[in-house]
Amino acid sequence: MKGARDPEPARVTAPSTSVSCAVPRSTWGRAVHAALSRPAVSRTVTGLVRPVARWMPIEVLGRVPVVGNVDVGVPGVGRRVTMWTDGLDGVAAIVYWRGLEGWEPETVAVLLPLARRSSVVLDAGANVGLHTLLMAAASPAATIHAFEPVPRVCARLRRNVELNALANVRVHEIALSNEEGLRPMHVPPFAVPVEASADPAFRGGGEVASVTFSTLDGFVAAHDLDPVDLVKIDTEGTEHLVMQGAVGTLRRHRPFVVAEVLPGQPPEVAFGPILRGLDYVAFHLTEGGAVRREAVAGDLRFKNWLFCPAERIEELLPHVDVRGAGAS
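According to this note's numbering, the sequence shown is numbered sequentially starting from 3.
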């Protein structure tokens, strides 16, 4: 039929991978959570649980509030970073119970060696700052720009940066995308949400906040950043929009890019044309290393990908466990 168009593919609502600690809804549940969140009580309970925690599901451990400072070693540099939590920070809780093995170890294994070779790093969607803290500690000579647009989350990010006295981190309470200006952000109803997204179809529910957006290109120009060496993008279904707003930087600076790709979300389809147009090569970050792929496909277990300029693959090889780098 004239004028008819093929229907657009159905959007898949992203399954929640949230580790945000939700306060129980019932009066009794809230009272118990409040009692367990008292520092002295938390220290006692977590101390009793920790010897057997390795055998317990993280969903069960998540019900035990972790309160205070959580320390974790930075691989390869002989120092530690600290995260503060009041019992509501799911990222800090997972690190407490599982260490870095519990939070995207395959991604940390790539980010840190790349950060150590960087002068300027951009962390879009920094949340409470685990990756920011690790990269800043691993590379004191690099400047890390951390972006977190949700005010209550950004406040925790700032606190963690200050707690570690990381003078090489700059925190920005803005979001990155392909357009500038005030735009809505959809925020899950948790004290410390990890899944806030500018995409209203990403996941329903929660509040809608008005936040400031910038393009990565605009930010780099405004702050006269040169060179930009590494970009990390975790913006819950809008990573491709951040890339669209970064094309000038990617062409000029040729940074490595580490980005999340969830199945059924727009980046899964959009990244391919963007990468081909910029002559970038895709590597899926898995427990077996960075595996070269011809097509980008989302994965709920191993969510992150490394996008490498084609001319920098040889530079990558001594520092990252790469599989299939010579594939055509």
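Even for Gly, the Cβ is constructed at its ideal location relative to N, Cα and C.
Worksheet item: Is the distance from the Cβ of Asp201 to the Cβ of Gly247 below 8 angstroms?
Response: The Cβ atoms of Asp201 and Gly247 lie no closer than 8 angstroms to each other.
Worksheet item: Rounded to whole angstroms, how far is the Cβ of Val72 from the Cβ of Val97, which I believe are closer than 8 angstroms?
Response: Taking 8 angstroms as the upper bound for CB-CB distance, Val72 and Val97 are in contact here, some 6 angstroms apart.
Worksheet item: In whole angstroms, what separates the C-alpha of Glu164 from that of Arg253?
Response: Answer to the nearest angstrom: the Cα atoms are 34 angstroms apart.
Worksheet item: If we ignore side chains and look at the alpha-carbon of each, how far apart do Val51 and Arg65 end up?
Response: Cα-Cα distance, rounded: 12 angstroms.
Worksheet item: What are the start and end residues of the alpha helix (DSSP H) that includes Leu178?
Response: Counting along the chain, Leu178 falls outside any alpha helix (DSSP H), though it belongs to the beta strand (DSSP E) covering 177-179.
Fill in: Arg256 classed as buried or exposed, judged by whether at least 16 other C-beta atoms fall within 10 angstroms
Of the other Cβ atoms in all chains shown, 16 or more fall within 10 Å of the Cβ of Arg256; this residue is therefore buried.
Worksheet entry | Identity of the residues DSSP links to Val259 by a beta bridge | Beta-bridge pairing links Val259 to Val233, Phe309.
Worksheet item: Unbroken beta strand (DSSP E) runs of length 3 or more, entirely within the stretch 106-176: which are they?
Response: With a minimum length of 3 residues, the continuous beta strand (DSSP E) runs that stay inside the stretch 106-176 are 122-126, 145-149, 171-174.
Discussion item. With H, G and I counted as helix, E and B as strand and the rest as coil, what does DSSP make of Thr48?
Written reply: Helix at Thr48.
Worksheet item: At which residues does the alpha helix (DSSP H) containing Asp88 begin and terminate?
Response: Per DSSP, Asp88 is not a residue of any alpha helix (DSSP H); the beta strand (DSSP E) it occupies stretches across 81-88.
Discussion item. Can you find the residues in the same chain that come closer than 7 angstroms, C-beta to C-beta, to Val244, ignoring five residues on each side of it along the sequence?
Written reply: Closer than 7 angstroms at the Cβ level, and outside the excluded window around Val244, lie Ala126, Leu178, Ser179, Leu218, Ile235, Thr237.
Fill in: Which residues DSSP lists as bridging Met187, in chain order
Looking at the DSSP assignment, Met187 forms a beta bridge with Ala211.
Worksheet item: Taking the alpha carbon of Ile276 as the point to measure from, which residue in Phe149, Arg294, His242 has its own alpha carbon closest?
Response: For Ile276, the nearest C-alpha among the options comes from His242.
Worksheet item: What's the gap between the Cα of Glu108 and the Cα of Gly31?
Response: Distance from the CA atom of Glu108 to the CA atom of Gly31, rounded to whole angstroms, is 36 angstroms.
Worksheet item: How big is the Cα-Cα spacing for Val283 and Val259?
Response: The C-alpha of Val259 is placed about 10 angstroms away from the C-alpha of Val283.
Practice prompt. Ignore the nearest five residues each way along the sequence and tell me which others in Leu318's own chain have a CB closer than 7 angstroms to its CB.
Written response: So the qualifying residues of the chain are Cys310, Val324.
Worksheet item: How many whole angstroms separate the CB atoms of Gly220 and Glu270, which I take to be in contact at a CB cut-off of 8 angstroms?
Response: Here Gly220 is actually not in contact with Glu270; their C-beta atoms are around 26 angstroms apart, not less than 8 angstroms.
Worksheet entry | Presumed contact (8 angstroms Cβ cut-off) between Val130 and Arg172, rounded CB distance | Contact between Val130 and Arg172 is absent: CB atoms are separated by about 16 angstroms, not below the 8 angstroms threshold.
Fill in: Range covered by the alpha helix (DSSP H) that runs through Ala95
Taken as a continuous stretch (DSSP letters only), the alpha helix (DSSP H) holding Ala95 covers 92-100.
Worksheet item: Just to confirm, are Pro153 and Glu175 a CB contact at a threshold of 8 angstroms?
Response: Their beta carbons are under 8 angstroms apart, which means Pro153 touches Glu175 by this criterion.
Discussion item. Am I right that Leu63 and Trp99 are in contact with their C-beta atoms under 8 angstroms? What's the rounded C-beta distance?
Written reply: Yes, they are in contact, since the Cβ atoms of Leu63 and Trp99 sit about 5 angstroms apart, within 8 angstroms.
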